[in-house]
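Asker:
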Amino acid sequence: MNIDSLLKKSLSEAFKATFDAELDISEIGLQETRKEFVGSHTFVTFPYARLSKKNPEETGRILGEYLLQHKSEVKSFNVVKGFLNIELSDIVWLNLFAEILDTPNFGIHPPTNKKVLVEFSSPNTNKPLHLGHLRNNFLGHSISQILGANGYDVSMSNLVNDRGIHICKSMLAYLRYGNGETPESSQLKGDHLAGKYYVKFDQEYKKEIEELVAGGMEAEQAKKKAPILLEAQAMLQKWEANDPEVIALWKQMNGWVYDGFNQSYETMGIHFDKYYYESETYLLGKDIVEEGLEKGVFFKKDDGSVWVDLTDEGMDEKLVLRADGTSVYITQDMGTADLKYGDFKFDKSVYVVGNEQDYHFKVLFSILKKLGRSYADGLYHLSYGMVDLPSGKMKSREGTVVDADDLMQEMLDTAEQHTQELGKVEGFDETEAKELYRKLGLGALKFYLLRVDPKKRILFNPQESVEFQGFTAPFIQYTFARISSILRRAKQLGIETNAEVVTNQQHLAAEEIDLIKVISDYPSKIALAGDNMDPAVIAQYAYDLAKEYNRFYTVHSIFKEEDNAVMAMRVALSQQVAKTIEN
RNA sequence: GCACCCGUAGUUCAAUUGGAUAGAAUGUCAGAUUCCGGUUCUGAUGGUUGGGGGUUCGAAUCCCUUCGGGUGCACCA
Numbered sequence: 000m001n002i003d004s005l006l007k008k009s010l011s012e013a014f015k016a017t018f019d020a021e022l023d024i025s026e027i028g029l030q031e032t033r034k035e036f037v038g039s040h041t042f043v044t045f046p047y048a049r050l051s052k053k054n055p056e057e058t059g060r061i062l063g064e065y066l067l068q069h070k071s072e073v074k075s076f077n078v079v080k081g082f083l084n085i086e087l088s089d090i091v092w093l094n095l096f097a098e099i100l101d102t103p104n105f106g107i108h109p110p111t112n113k114k115v116l117v118e119f120s121s122p123n124t125n126k127p128l129h130l131g132h133l134r135n136n137f138l139g140h141s142i143s144q145i146l147g148a149n150g151y152d153v154s155m156s157n158l159v160n161d162r163g164i165h166i167c168k169s170m171l172a173y174l175r176y177g178n179g180e181t182p183e184s185s186q187l188k189g190d191h192l193a194g195k196y197y198v199k200f201d202q203e204y205k206k207e208i209e210e211l212v213a214g215g216m217e218a219e220q221a222k223k224k225a226p227i228l229l230e231a232q233a234m235l236q237k238w239e240a241n242d243p244e245v246i247a248l249w250k251q252m253n254g255w256v257y258d259g260f261n262q263s264y265e266t267m268g269i270h271f272d273k274y275y276y277e278s279e280t281y282l283l284g285k286d287i288v289e290e291g292l293e294k295g296v297f298f299k300k301d302d303g304s305v306w307v308d309l310t311d312e313g314m315d316e317k318l319v320l321r322a323d324g325t326s327v328y329i330t331q332d333m334g335t336a337d338l339k340y341g342d343f344k345f346d347k348s349v350y351v352v353g354n355e356q357d358y359h360f361k362v363l364f365s366i367l368k369k370l371g372r373s374y375a376d377g378l379y380h381l382s383y384g385m386v387d388l389p390s391g392k393m394k395s396r397e398g399t400v401v402d403a404d405d406l407m408q409e410m411l412d413t414a415e416q417h418t419q420e421l422g423k424v425e426g427f428d429e430t431e432a433k434e435l436y437r438k439l440g441l442g443a444l445k446f447y448l449l450r451v452d453p454k455k456r457i458l459f460n461p462q463e464s465v466e467f468q469g470f471t472a473p474f475i476q477y478t479f480a481r482i483s484s485i486l487r488r489a490k491q492l493g494i495e496t497n498a499e500v501v502t503n504q505q506h507l508a509a510e511e512i513d514l515i516k517v518i519s520d521y522p523s524k525i526a527l528a529g530d531n532m533d534p535a536v537i538a539q540y541a542y543d544l545a546k547e548y549n550r551f552y553t554v555h556s557i558f559k560e561e562d563n564a565v566m567a568m569r570v571a572l573s574q575q576v577a578k579t580i581e582n
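Numbering (numbering that gives the first Met the number 0), first residue to last: 0 to 582.
Here's what the structure looks like:
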């Protein structure tokens, strides 16, 4: 039994014995004792004063006395105002350590047989990934790992936006100005090559607008009538009509782009179980519109367009099918939801998408609920804020985006530079050193982007992001490395297991023992220096641990670095996200 | 105009989801270290939680109001 429930049971018993009051265990809340007081667990008595018919302080004292006399797990207690602080006896902790050591994969929950599908990344095939995608990818990847550690069977999917007018724009510009350039001939990654022509299109487009305006046309009109735009629109129609030439070019360019994306994902350490392509899903959902009409969820207007009325839920009426029978964005998403459910039979489905689509997903989920989809309750939109630069918003057209590949490379270079300055790679061969730089550089970037509450905007400071001092991943990684070396020293002293460390205390300094107690609880496999320095995963462990083994928190204050490490874990990703998805 | 999100030390972010004296990092200042105006260490400084009401034993957190910032209100995706 874990310590929390043991204490809660004892408290419930104490209530009955001292105040003759029934208090269910589920109603009892415990929290961590603040550093400045003695104890590990704190019971807040204010809410129960009514039950005990004493003032909060008196209530705490009486309960404390009872626990001390009747419960062996309680070593001492103190009452400050309405806070009953409980100190547990050493045997409780020793038993706990033994239990931890006997538990393989401690901290990873056993499989629950529940499936979750996490969809993220969602790139467009007309340009390379940028900083915003990095936040998306890291969030999606992290939440996947958190859910995995919580016993879910996790699948990761990527819905690629590979069709539409914006794709045709880069294709058209390539046709006009490409001269048969290829990734090989240009030494450019495929996604960067496509992006180059997307930018080119925009430049030409602007030029043509200017010319038209100079010729006396209204600006609004010129935007719609620029020849290059009309040509792109014509190209989209050809694409939809399956024109062989257009399709061939589309396949060729997208192929280049996918090669480029794969390289980027490889650097990030992310892979997907399933790719969905909008070119294959954009016509889905029309049958659902029929179904909705039959069920009376949707209604038809005089012009033949189909709508859903969500005013009873505080939303508006929303179009789901145009009068000409073609579908819109939400139609496609309804169809894709069914498709994904058919493929995965998930219990939960998470969409990692920016907060500008909050309303869209509210509507989508609501519609699916009205349609009676069994999976509708398991849908969750993991919404996140934009990434801002000190200079303002990122705009691809104005060239103010931070390219994902460039940024990652810069992080690796900085890691290499720092490490070599410190002379830490002596005796490393090249591949080992490279791997070290990857862990350091990418860890720093992940941490930087994940430490902020997902729903808040991030202000991306380039200088600060490559900083390795202060509240950064490398600093925490360093702390872990230090802990490991103390453990090694314990081993050299002939202490084989952590349990022995705890019981053979005379070999080590008191501070070291406390430190080892702390870290023996963080299984080395989730270690910060592990393959994925993923703060989100660590945050989840730390959260679980914090709840059950509060004592470590007080011990942590021994070393300042330890404090930082724990703090880092706690804040790395707001646990709220994981919890919300759970519920 | 309507809807949603955000507002916390100079700055970037936390705060166990309603708990105790709101914490870290960074910056600034002072001291130590030293081939250095650099690095590293120690300490100090720093807050009316945007403002105003309310709810209760207790509010950064919940409610109302007001002011700032952002996003969405397409028969685009």
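Don't be surprised by glycine CBs; every beta carbon is placed ideally from N, CA and C.
I need the DSSP call for Y590, collapsed to helix, strand or coil.
Answerer: Missing from the structure shown is residue 590; the chain here goes from 0 to 582 and no further.
Asker: Report the CB separation of E371 from L411 in whole angstroms; it is logged as a contact under 8 angstroms.
Answerer: Looking at the sequence shown, residue 371 is not Glu but Gly. Not quite, the Cβ-Cβ distance comes to about 50 angstroms (not below 8 angstroms), so this is no contact.
Asker: Output the boundary residues of the alpha helix (DSSP H) element that contains D315.
Answerer: Premise fails: D315 is in no alpha helix (DSSP H) and is neither H nor E.
Asker: Quick one: which unbroken alpha helix (DSSP H) runs of 4-plus residues sit fully inside the region 333–392? Chain order, please.
Answerer: 357–369, all fully within the region 333–392.
Asker: Taking 6 angstroms as the cut-off, is the CB of K339 close to at least one heavy atom of the ligand FMN?
Answerer: Among the components of this structure there are no ligands whatsoever, and the ligand FMN is therefore not found.
Asker: Pick out whichever of I208, L458, D286 has its Cα sitting closest to the Cα of L229.
Answerer: If we check each option's Cα against that of L229, I208 comes out closest.
Asker: Could you give the DSSP three-state label for V37: helix, strand or coil?
Answerer: Three-state DSSP puts V37 in coil, outside helix and strand.
Asker: For L116, write down the residues that DSSP places opposite it in a beta bridge.
Answerer: Paired residue(s): S154, S348.
Asker: Short check: CB of N136 to CB of M267, under 7 angstroms?
Answerer: Yes; because the gap between Cβ atoms is below 7 angstroms, this pair is in contact.
Asker: Does the region 218–228 come close enough to the region 285–292 that 3 or more CB-CB pairs lie under 8 angstroms?
Answerer: No, the region 285–292 does not touch the region 218–228.
Asker: Beta-carbon separation of L83 and T44 under 7 angstroms?
Answerer: Yes, the Cβ-Cβ distance between L83 and T44 is below 7 angstroms.
Asker: Could you round the C-beta distance between V349 and K317 to whole angstroms and report it? I think they count as a contact, below 8 angstroms.
Answerer: About 23 angstroms; that fails the 8 angstroms criterion.
Asker: Provide the residue(s) that pair with F427 in DSSP beta bridges, ordered along the chain.
Answerer: Answer is none; F427 lacks a bridge partner.
Asker: Using a 10 Å radius around the Cβ and a threshold of 16 neighbouring Cβ atoms, would you call D428 buried or exposed?
Answerer: By the neighbour-count rule (16 or more Cβ atoms within 10 Å), D428 is not buried but exposed.
Asker: Check this for me: beta carbons of I85 and H40, under 7 angstroms apart or not?
Answerer: Against a cut-off of 7 angstroms, the Cβ pair of H40 and I85 comes out as a contact.
Asker: When DSSP builds the beta bridges, which residues end up paired with Q30?
Answerer: Paired residues: T41.
Asker: One question on the structure: do F200 and K168 come within less than 7 angstroms of each other, judged by their Cβ atoms?
Answerer: Cβ atoms of F200 and K168: closer than 7 angstroms.
Asker: Indicate whether G384 and K433 have their beta-carbon atoms separated by less than 7 angstroms.
Answerer: No, they are not a contact pair.
Asker: If you draw a straight line from the alpha carbon of K15 to that of I61, how long is it in whole angstroms?
Answerer: Near 12 angstroms, if we compare the C-alpha coordinates of I61 and K15.
Asker: Tell me whether G194 is buried or exposed, calling it buried when 16 or more other Cβ atoms sit within 10 Å of its Cβ.
Answerer: Flag for G194 reads buried.
Asker: Would DSSP call N586 helix, strand or coil?
Answerer: No answer is possible for residue 586: the residues shown for the chain start at 0 and end at 582.
Asker: Run the CB neighbour count on P109, radius 10 Å, all protein chains shown included, and call it buried at 16 or more, exposed below.
Answerer: Under this definition P109 is an exposed residue.
Asker: By the three-class DSSP mapping on this structure, what secondary structure does K80 have?
Answerer: K80 falls in the coil class under three-state DSSP.
Asker: Go ahead and pull the three-state DSSP assignment for S75.
Answerer: DSSP places S75 in strand when its eight states are reduced to three.
Asker: Identify whether K299 lies in helix, strand or coil by the three-state DSSP scheme.
Answerer: In the structure shown, K299 sits in a strand (DSSP, three-state: E or B).
Asker: Would you mind reading off the limits of the beta strand (DSSP E) that contains D258?
Answerer: Counting along the chain, D258 falls outside any beta strand (DSSP E), though it belongs to the alpha helix (DSSP H) covering 243–267.
Asker: Mind checking S184: buried by the 16 CB within 10 Å criterion, or exposed?
Answerer: S184 comes out exposed.
Asker: Excluding the 5 residues preceding and the 5 following D387 in the sequence, name in chain order all residues of the same chain whose CB lies nearer than 8 angstroms to its CB.
Answerer: Same-chain partners within the cutoff: M393, R456, I457, L458, F459.
Asker: Under the DSSP definition of a beta bridge, which residues are partnered with K273?
Answerer: In the DSSP output, where bridge partners are listed per residue, K273 has S156.
Asker: Per DSSP, which one or two residues make a beta bridge with W306?
Answerer: The partner list for W306 (beta bridge, DSSP) reads F298, L318.
Asker: Rank N354, K70, V115 by C-alpha distance to the C-alpha of Y340 and give the top, closest one.
Answerer: When only C-alpha atoms are compared, the closest one is V115.
Asker: Given a threshold of 16 other Cβ atoms within 10 Å of its Cβ, counted over all protein chains shown, does I366 qualify as buried or as exposed?
Answerer: Buried, since its Cβ has 16 or more Cβ neighbours within 10 Å.
Asker: Select from S373, D190, Y197, E265 the residue whose C-alpha is nearest the C-alpha of R175.
Answerer: Of the candidates S373, D190, Y197, E265, the one whose C-alpha sits nearest the C-alpha of R175 is Y197.
Asker: Report the three-state DSSP secondary structure of D585 (helix, strand or coil).
Answerer: The structure shown does not extend to residue 585, since the chain spans only 0 to 582, so no value can be given for it.
Asker: Leaving out the 5 sequence neighbours to the left and right, which residues in its chain are closer than 7 angstroms to D315 when beta-carbon positions are compared?
Answerer: So the list reads L309, once near-sequence residues are dropped.
Asker: Could you please give me the residues that DSSP links to H129 through a beta bridge?
Answerer: DSSP, once it has assigned bridges, lists D402 as partnering H129.
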